[in-house]
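Colleague: Residue 81 in the UniProt record's numbering is what sits at position 81 of the sequence shown, and the numbering runs on without skipping anything.
No residue lacks a Cβ here, since even glycine has one placed at the ideal position from N, Cα and C.
Source: prediction; values computed, not measured.
Please read through the structure below; I'll follow up with questions.
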Amino acid sequence: MNDRPGPAPFSGSYRPGDVQFLLKPIEIDPIDVAEKERLIQSGRRHYSEMLSRESLPSARYLEVFERALAMGLKPMAQGVLDLAAIIAARRPDEITLVSLARAGTPVGVALKHVLREVFGRAPEHYSISIIRDRGIDRNALRFILDRAGRDPAGLVFVDGWTGKGVIARELRRALAGFEHDHGVRLDADLHALTDLAGVGIAPSDTDYLIPSSILNATMSGLVSRSILNEHIGPDDFHGCVYYHEFTPADRSVWFIEELLAAARARLAEGYAPNARPVDPSLARARSTALLADIRATFGIQNENFIKPGIGEATRVLLRRVPERVIIRDPEAPEVAHLLELAHEKNVRRQVDPTLPYQAVSLIKGVIDA
Numbered sequence: 001m002n003d004r005p006g007p008a009p010f011s012g013s014y015r016p017g018d019v020q021f022l023l024k025p026i027e028i029d030p031i032d033v034a035e036k037e038r039l040i041q042s043g044r045r046h047y048s049e050m051l052s053r054e055s056l057p058s059a060r061y062l063e064v065f066e067r068a069l070a071m072g073l074k075p076m077a078q079g080v081l082d083l084a085a086i087i088a089a090r091r092p093d094e095i096t097l098v099s100l101a102r103a104g105t106p107v108g109v110a111l112k113h114v115l116r117e118v119f120g121r122a123p124e125h126y127s128i129s130i131i132r133d134r135g136i137d138r139n140a141l142r143f144i145l146d147r148a149g150r151d152p153a154g155l156v157f158v159d160g161w162t163g164k165g166v167i168a169r170e171l172r173r174a175l176a177g178f179e180h181d182h183g184v185r186l187d188a189d190l191h192a193l194t195d196l197a198g199v200g201i202a203p204s205d206t207d208y209l210i211p212s213s214i215l216n217a218t219m220s221g222l223v224s225r226s227i228l229n230e231h232i233g234p235d236d237f238h239g240c241v242y243y244h245e246f247t248p249a250d251r252s253v254w255f256i257e258e259l260l261a262a263a264r265a266r267l268a269e270g271y272a273p274n275a276r277p278v279d280p281s282l283a284r285a286r287s288t289a290l291l292a293d294i295r296a297t298f299g300i301q302n303e304n305f306i307k308p309g310i311g312e313a314t315r316v317l318l319r320r321v322p323e324r325v326i327i328r329d330p331e332a333p334e335v336a337h338l339l340e341l342a343h344e345k346n347v348r349r350q351v352d353p354t355l356p357y358q359a360v361s362l363i364k365g366v367i368d369a
């Protein structure tokens with residue numbers, strides 16, 4: 001691995017004013033997906049230490065994506081409007097959007113535009129790393145608070161959705177530790193478009209299709225998921241790979257423009273953004289019941305193998321070794337991309353009309369396989 005010189009904010013393939021990634025671009029030797037899975041499940045390596053090579057989607061998958069976009073853009077745009085209204089109400093003064101790379105990044109970019117255009121606010125937007133069992137990038141937090149001089153009370157942590165609530169709980173633990181060590185208290189509520197786990201602040205708890213969830217780097221500024229291994233120094237930001245070679249296929253800025261156009265159209269129809277978050281208690285109970293049922297039905301000991309909701313189910317099919325994908329209704333257009341991915345990767349498909357979500361993916365246990 002060869003590190004590029006010194007970490008500093010960069011915007012990926014987004015416009016410079018849209019986001020500052022507080023990530024360190026590095027070069028890393030990619031690892032085969034199956035080998036990565038074996039290393040993770042054996043406990044020899046943490047998932048954040050490795051990266052499998054991303055590939056561009058097939059022509060067939062892009063066709064499915066285009067249909068998903070046509071269907072999912074309006075609900076996502078309304079979600080962005082509502083989440084912006086919630087944030088504007090909760091932050092009467094300075095707003096600093098801190099999106100969690102990378103699922104939170106497109107949402108953060110859209111929120112920045114909507115908060116400025118619709119609510120007359122002037123937010124800044126940074127996208128930083130948080131890693132399960134490893135915590136948040138404290139160097140990135142210190143950059144925002146110290147070097148950028150942002151008001152701690154104005155920070156708003158943003159993600160695309162919640163699945164089981166793992167990252168929301170990781171955020172709370174990490175920020176409690178940050179407060180203990182640095183004496184700075186930050187609001188640990190995770191703001192998302194939809195909160196399936198009932199652990200955050202969101203306008204919805206419905207498992208709807210968020211189009212940005214079904215593509216990888218080409219929808220997220222051409223950055224990889226974040227990396228934390230021995231090549232990230234004590235003063236570095238967490239790392240990422242920047243996929244220059246995907247530039248001709250990049251849709252990151254295009255997607256934001258499409259999303260904002262849909263938001264403007266929704267407002268023109270007379271829609272009034274709703275600043276009231278959904279009550280998380282029902283979603284929390286639903287999530288707890290589902291996880292217990294899946295564990296019992298499939299004999300799963302490790303809850304990390306269960307990935308509920310369209311967004312999480314898609315991630316498994318894109319970058320893990322799936323055992324199966326469970327679909328509530330295979331005729332639902334929201335899951336067409338999942339069925340296409342399962343077909344391409346020869347993954348077992350199962351139908352369960354009693355699912356509380358559109359889909360659940362299960363990761364394959366490869367150690368004893």
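Taking the DSSP output, what are the residues bridged to K24?
Modeller: Stepping through the sequence shown from its first residue, residue 24 is reached at position 24. For K24, which the question treats as bridged, DSSP gives the partners G239.
Colleague: Hey, how far is the Cα of H180 from the Cα of L186?
Modeller: In the sequence shown, the residue the question calls residue 180 occupies position 180. In the sequence shown, the residue the question calls residue 186 occupies position 186. Taking the Cα positions, H180 is about 11 Å away from L186.
Colleague: Excluding sequence positions up to five away, which residues of its chain have a Cβ less than 6 Å from the Cβ of F10?
Modeller: Along the sequence shown, one-based indexing puts residue 10 at 10. For F10, where only same-chain residues beyond five positions count, the Cβ hits under 6 Å are F21.
Colleague: Hey, how far is the Cα of V241 from the Cα of A359?
Modeller: As a working note, residue 241 is residue 241 in the sequence shown. As a working note, residue 359 is residue 359 in the sequence shown. Rounded to the nearest angstrom, the two C-alpha atoms are 29 Å apart.
Colleague: First and last residue of the beta strand (DSSP E) that includes Y126?
Modeller: For the purposes of this step, residue 126 is taken as the residue at position 126 of the sequence shown. E124 to I128 is the span of the beta strand (DSSP E), which, as asked, contains Y126.
Colleague: Under 7 Å Cβ to Cβ from L196, same chain only, skipping five residues before and after it: list those, please.
Modeller: Within the sequence shown, residue 196 is the residue found at index 196, counting from 1. W161, T162, G163, D205, D207, A283, S287, P308, G309 and Y357.
Colleague: Since S361 and L291 should fall inside the 8 Å C-beta cutoff, what is the C-beta to C-beta distance between them, to a whole number of angstroms?
Modeller: Mapped onto the sequence shown, residue 361 falls at position 361. Mapped onto the sequence shown, residue 291 falls at position 291. That belief does not hold up - the Cβ atoms of S361 and L291 are roughly 13 Å apart, past 8 Å.
Colleague: Within this structure, are the beta carbons of P273 and L73 separated by less than 8 Å?
Modeller: Counted from its first residue, the sequence shown places residue 273 at position 273. Counted from its first residue, the sequence shown places residue 73 at position 73. No, Cβ-Cβ distance for P273 and L73 is not below 8 Å.
Colleague: Does DSSP put D159 in a helix, a strand or coil?
Modeller: Translated into positions along the sequence shown, residue 159 becomes position 159. Correct three-state label for D159: strand.
Colleague: As an exercise, report each continuous alpha helix (DSSP H) stretch of at least 4 residues that is fully enclosed by the stretch 283-325, in chain order.
Modeller: The stretch 283-325 contains these whole alpha helix (DSSP H) runs: 310-319.
Colleague: Determine the burial state of T105: buried for a count of at least 16 other Cβ atoms within 10 Å of its Cβ, exposed for fewer.
Modeller: For the purposes of this step, residue 105 is taken as residue 105 along the sequence shown, with counting starting at 1. The residue is buried, with at least 16 neighbouring Cβ atoms inside 10 Å.
Colleague: Does the Cβ of K345 have 16 or more other Cβ atoms within 10 Å, making it buried, or fewer, making it exposed?
Modeller: Translated into the one-based positions of the sequence shown, residue 345 becomes position 345. Its Cβ having fewer than 16 others within 10 Å, K345 is exposed.
Colleague: Determine the burial state of Q78: buried for a count of at least 16 other Cβ atoms within 10 Å of its Cβ, exposed for fewer.
Modeller: Numbered from its first residue, the sequence shown carries residue 78 at position 78. With 16 or more other Cβ atoms within 10 Å, it is buried.
Colleague: At the level of alpha carbons, what is the spacing between R324 and L190?
Modeller: The sequence position of residue 324 within the sequence shown is 324, counting from 1. The sequence position of residue 190 within the sequence shown is 190, counting from 1. Spanning the two alpha carbons is a distance of roughly 29 Å.
Colleague: Assuming L362 is part of the beta strand (DSSP E), what are its boundary residues?
Modeller: Locating residue 362 in the sequence shown gives position 362, counting from the first residue. A359 to I363 is the extent of the beta strand (DSSP E) around L362.
Colleague: Check whether the stretch 243-259 touches the stretch 83-102, counting contact only when three or more Cβ pairs, one atom from each stretch, lie closer than 8 Å.
Modeller: no
Colleague: What's the gap between the Cα of V118 and the Cα of A296?
Modeller: What you label residue 118 is simply residue 118 of the sequence shown in a count that begins at 1. What you label residue 296 is simply residue 296 of the sequence shown in a count that begins at 1. Rounded to the nearest angstrom, the two C-alpha atoms are 47 Å apart.
Colleague: By Cβ distance below 8 Å, which residues in the same chain neighbour L193 in space, the five residues on each side in sequence not counted?
Modeller: Along the sequence shown, one-based indexing puts residue 193 at 193. Correct list, in chain order: M76, G79, V80, L83, V107, G160, W161, A202, P203, S204 and I210.
Colleague: Excluding the 5 residues preceding and the 5 following E54 in the sequence, name in chain order all residues of the same chain whose CB lies nearer than 6 Å to its CB.
Modeller: Along the sequence shown, read from residue 1 onward, the residue named residue 54 stands at position 54. Excluding positions up to five away in sequence, the list reads N216 and A217.
Colleague: Please report the Cβ distance between R91 and G154, rounded to the nearest whole angstrom; I am assuming they are in contact, meaning their Cβ atoms lie under 8 Å.
Modeller: Along the sequence shown, read from residue 1 onward, the residue named residue 91 stands at position 91. Along the sequence shown, read from residue 1 onward, the residue named residue 154 stands at position 154. About 6 Å separates the two Cβ atoms, so the contact holds.
Colleague: Quick one, which of H343, V321, R172 and V347 has its alpha-carbon nearest Q41's?
Modeller: Taking the sequence shown and counting its residues from 1, the one referred to as residue 41 is at position 41. It is V321.
Colleague: Considering only residues of the same chain and omitting the five flanking positions on each side of I87, which have a CB-CB separation below 6 Å?
Modeller: Position 87 of the sequence shown, counting from 1, holds the residue named residue 87. Hits under 6 Å: V156.
Colleague: Which runs of the alpha helix (DSSP H) fall wholly inside the stretch 200-277 and span at least 4 residues, in chain order?
Modeller: 252-268
Colleague: Can you tell me the Cα-Cα spacing of A168 and V199, whole angstroms?
Modeller: Here residue 168 is taken as the residue at index 168 of the sequence shown, counted from 1. Here residue 199 is taken as the residue at index 199 of the sequence shown, counted from 1. Rounded to the nearest angstrom, the two C-alpha atoms are 7 Å apart.
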